[in-house]
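The block underneath contains the structure these notes are about, expressed in structure tokens.
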Amino acid sequence: MIAEAGAEAAADGRRPSTYRIVLPDGWWRIDLAGGQAQSIERLVEQVFRGLDDAPLLKQDLRARLTAQATAAREIGGIELYLSMMVAEPATIPASLLVGLTPPAPEQVMPVEALVEPFAAEPGAVEVSLVDLPSGPAVRRRSRTERSLDLDTGPDTAPGSGTGAAAETPPGDPPDSPDDSVVPPTDVVPPTDEAEDLPLTVETFGVEYHLPVPEGHGAFLVLTFSSPLAALEDALVELFDAVATTLRWVW
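Under the numbering used here, the first residue of the sequence shown carries the number 556, and numbering increases by one thereafter.
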């Protein structure tokens, strides 16, 4: 089933009150603006469905997801989606952070003015101006190395400002994972073997910076990322497809 999720982006004048974005099966939504704890608790229960003797593992996963979600919210995140897509025998690790930058009436600039500075940032692979059904956007594809943090999971990417309440009930997945779901690689609790893991991991990502219509400089930022280099091209294609589903709602 394909499901839609929406969150409030702006609410006055000709500015849109909501955006909607469509995600494929196998993604779990964490509401960062309200109901974060409920979202995380439902995800933990889903991951450990059928396992009643793993309280410490549940506690560890809950703590790591909470730290990751809190960090995302503090940089302006509205919603965080984690991939629960399964490619036997594991889950495909990927995430989408939706963020909102605040209006900046004194610094309003055309979206194309972002291309050059974004291209100069470390890790930039490809930066371009694209036309989405929702309007023009700057697309930035990147590849970076980051420290492996077993406490908070993968880094969350930019978007600064204030979040807003989500329309989807807290903790409800965009779609309902079936019984075959296993923990995402990025959020599997650490084990004794963790000491043998490399200290850094290469991640790739795609960001979309979309100016909010009549938003006086506000931007909606979609940040997709994954450490699964073997599927980079396929996942980038998926990320691009998801970005094209975004619609503003007035």
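Glycine is no exception: its CB is placed at the ideal position from the N, C-alpha and C atoms.
- Taken through DSSP and simplified to helix, strand or coil, ILE585 comes out as strand.
- In this model, VAL641 and VAL666 are separated by some 36 Å (Cα to Cα).
- Within the same chain, Cβ atoms closer than 6 Å to the Cβ of LEU651 are found at TYR636 and PHE779, the five residues on either side in sequence being excluded.
- Relative to the Cα of ARG698, the nearest Cα in the group PRO571, SER781 and SER594 belongs to SER781.
- For VAL653, the closest C-alpha among the options TYR574, PRO579 and PHE603 is that of TYR574.
- Collapsing the DSSP output to three states places ASP608 in coil.
- Here ALA624 is not near GLN593, since their CB atoms are 7 Å or more apart.
- The C-beta of ARG569 has fewer than 16 other C-beta atoms within 10 Å across all chains shown, which makes the residue exposed.
- Residue environment analysis places THR755 among the exposed positions, since fewer than 16 neighbouring C-beta atoms fall within 10 angstroms of its C-beta.
- Just so you know, the alpha carbons of GLU676 and PRO691 end up roughly 21 Å apart.
- Under the DSSP definition of a beta bridge, PHE774 partners with THR656 and PRO766.
- Annotation: VAL791 to ALA645 spans about 19 Å, alpha carbon to alpha carbon.
- Per DSSP, the continuous beta strand (DSSP E) segment holding ARG695 begins and ends at 690 to 702.
- C-alpha of TRP583 to C-alpha of ALA626: approximately 18 Å in a straight line.
- Measuring C-alpha to C-alpha distances from LEU793 to each of SER702, GLU762, THR621 and GLY631 identifies GLU762 as the nearest.
- Boundaries for ILE576: no alpha helix (DSSP H) harbours it, while the beta strand (DSSP E) harbouring it runs 573 to 578, taken from the DSSP string.
- Under the 10 Å beta carbon count, LEU775 is surrounded by 16 or more other beta carbons and is classified as buried.
- Rounded to the nearest angstrom, the gap between the Cα atoms of ALA674 and HIS764 is 13 Å.
- Nearest to PRO768 by alpha-carbon distance, out of ALA588, SER689, PRO610 and VAL670, is SER689.
- Residue range 591 to 602 is occupied by the alpha helix (DSSP H) that includes ARG597.
- Here DSSP, grouped into helix, strand and coil, assigns LEU801 to coil.
- Minimum Cα-Cα distance from ALA649 among the listed residues PRO579, GLY770 and PRO766 corresponds to PRO579.
- In the three-state DSSP reduction, ALA649 falls in the coil class, being neither helix nor strand.
- In this structure, DSSP gives GLU792 a helical state, which the three-state scheme calls helix.
- Shown here, ALA679 sits in a strand according to DSSP, grouped into three states.
- Judged by their CB atoms, LEU783 and ILE576 are not nearer to each other than the 7 Å cut-off.
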